[in-house]
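> Got a structure for you, written out below as structure tokens; questions coming shortly.
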Amino acid sequence: MINFADHQLLPLLFGEFDRNLSRIEQSLGVQLSSRGNKIVVSGSPQAVQFAEIALNSLYKRLERGLPVDASEVDAAIRMASVSATQSLMDENSSALEIKTPKRHITARSVGQTDYLRALANGQMVFGLGPAGTGKTYLAVAMAVNMLISGRVDRIILSRPAVEAGERLGFLPGDLRDKIDPYLAPLYDALYDMLPADQALNRLNSGEIEVAPLAFMRGRTLSHAFVILDEAQNATRVQMKMFLTRLGEGSLMAITGDPSQVDLPTGSMPGLSHAANTLKHIDGVHVVQFSDVDVVRHPLVTRVVQAYDKDERRKQSLPKRSD
388 MINFADHQLL PLLFGEFDRN LSRIEQSLGV QLSSRGNKIV VSGSPQAVQF AEIALNSLYK
448 RLERGLPVDA SEVDAAIRMA SVSATQSLMD ENSSALEIKT PKRHITARSV GQTDYLRALA
508 NGQMVFGLGP AGTGKTYLAV AMAVNMLISG RVDRIILSRP AVEAGERLGF LPGDLRDKID
568 PYLAPLYDAL YDMLPADQAL NRLNSGEIEV APLAFMRGRT LSHAFVILDE AQNATRVQMK
628 MFLTRLGEGS LMAITGDPSQ VDLPTGSMPG LSHAANTLKH IDGVHVVQFS DVDVVRHPLV
688 TRVVQAYDKD ERRKQSLPKR SD
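Those letters in the sequence shown? Residues 388 to 709, per the numbering used here, in order.
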């Protein structure tokens, strides 16, 4: 049984027509019944423990003035189910909250919790894992937070200009027009953190710079939060070039999915190599996400799991000799 102090928060906790409670019941196989300020949880001991962790974490969000919607309910369930000891109830979770002008963002999985801690405390952070785990989104959120708070003077967003299995051909326009299609996901995250006018003003002033990886050569990036997205499409030579751009007062986040390399055949991908080579160096953090950290539609998790299963099956097959 859980006793909540502020009964005015309970309608927000329960959701319209108690849909949040129903989501927890269906996901964890428990029964929830409310009596005044109390919720009685029935089910297996482990499921009850997870449900109580999820409910308490959602209530704590409401106490901090943060919204609770279906995605937050799913996140609380995921955190509780993966690790009861590292749930959103963690007393340090409020310190991991990222505040930007448009969003207040908290970790939605154990992997994201580790990632946010690394971004807050590290100088060079590798985020490796499948799509939908929030690698880029959280890095951009932390970068905007540090820019607004004055911890860095500018944000530099970069990506290799490699096409994902397609050939786009000649692109019209000036340099900005040509590279923007490759950098659209970074723009999407940026505009999710900042009002459009602020984002545009900072882009025009140079406080936020968006550039392809090839344009990093020869530069020293000081007092900046630098993000390299889709880093699995950087070669080993490019990766070394990029990592050695780190200047005084700067931080780097390098994100990518080593299983989705779009480099031409024969090229040597640099992401996994760099993470393995540098992971024991002081100041470098390597965070490995997995399918349990996927925070998009639940179907995305199943898609990732299916592809991983197929890849393991192929690797287990005996190689044919010619």
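C-beta: ideal position from N, C-alpha, C; glycine also.
By alpha-carbon positions, which one of Gly657, Arg606 and Val613 ends up nearest to Arg623?
Taking only the C-alpha atoms, the option nearest Arg623 is Gly657.
> What number of angstroms, rounded off, separates the C-alpha of Arg495 from the C-alpha of Gly521?
Straight-line Cα distance between these residues: approximately 9 Å.
> Return helix, strand or coil for His491, following the three-state DSSP convention.
Residue state, collapsed to three classes: strand.
> At a cut of 8 Å, does the stretch 532-550 reach the stretch 669-677 through at least three beta carbon pairs?
No, the stretch 532-550 is not in contact with the stretch 669-677.
> Let's see if you can read the secondary structure: which residues bound the beta strand (DSSP E) around Val427?
Segment Lys425 to Ser429, the beta strand (DSSP E) holding Val427.
> How would you call Ser414, buried or exposed, if buried means at least 16 neighbouring beta carbons within 10 angstroms?
It counts as buried.
> In terms of alpha-carbon separation, which member of Ser444, Glu412 and Arg422 lies closest to Ser431?
Comparing Cα-Cα distances from Ser431 to each of Ser444, Glu412 and Arg422, the minimum goes to Glu412.
> Just to confirm the assignment: which complete alpha helix (DSSP H) runs, minimum length 4, are found wholly within the stretch 573-650?
Within the stretch 573-650, the complete alpha helix (DSSP H) runs of at least 4 residues are 583-592 and 623-630.
> Out of Ser659, Val428 and Leu544, which one is the CA nearest neighbour of Ala621?
For the residues Ser659, Val428 and Leu544, the minimum Cα distance to Ala621 belongs to Ser659.
> What separation, rounded to the nearest whole angstrom, lies between the Cα atoms of Asp575 and Tyr524?
Roughly 9 Å separates the two Cα atoms.
> Since Ala662 and Leu515 should fall inside the 8 Å C-beta cutoff, what is the C-beta to C-beta distance between them, to a whole number of angstroms?
Ala662 to Leu515, Cβ: 6 Å. Contact.
> How big is the Cα-Cα spacing for Glu596 and Leu544?
Glu596 and Leu544: Cα-Cα distance of roughly 6 Å.
> Find out if the Cβ-Cβ distance for the pair Leu506, Val497 is shorter than 7 Å.
For Leu506 and Val497, no; Cβs fall outside 7 Å.
> Taking Cβ to Cβ, would you say Ile542 is nearer than 7 Å to Ala526?
Result no, Cβ atoms of Ile542 and Ala526 do not sit closer than 7 Å.
> I need the straight-line Cα distance from Tyr446 to Gly653, nearest angstrom please.
Each residue's alpha carbon lies about 52 Å from the other.
> Can you look up Lys486 in the DSSP assignment and give me helix, strand or coil?
In the structure shown, Lys486 sits in a strand (DSSP, three-state: E or B).
> Compute the Euclidean distance between the alpha carbons of Val673 and Ser444, then round it to the nearest angstrom.
The alpha-carbon atoms of Val673 and Ser444 are separated by roughly 27 Å.
> When the Cα atoms are used, what is the spatial distance from Ala611 to Asn424?
Taking the straight line from one Cα to the other gives about 48 Å.
> Under a three-way DSSP split, which group does Pro656 fall into?
Looking at Pro656 - three-state DSSP - the assignment turns out to be strand.
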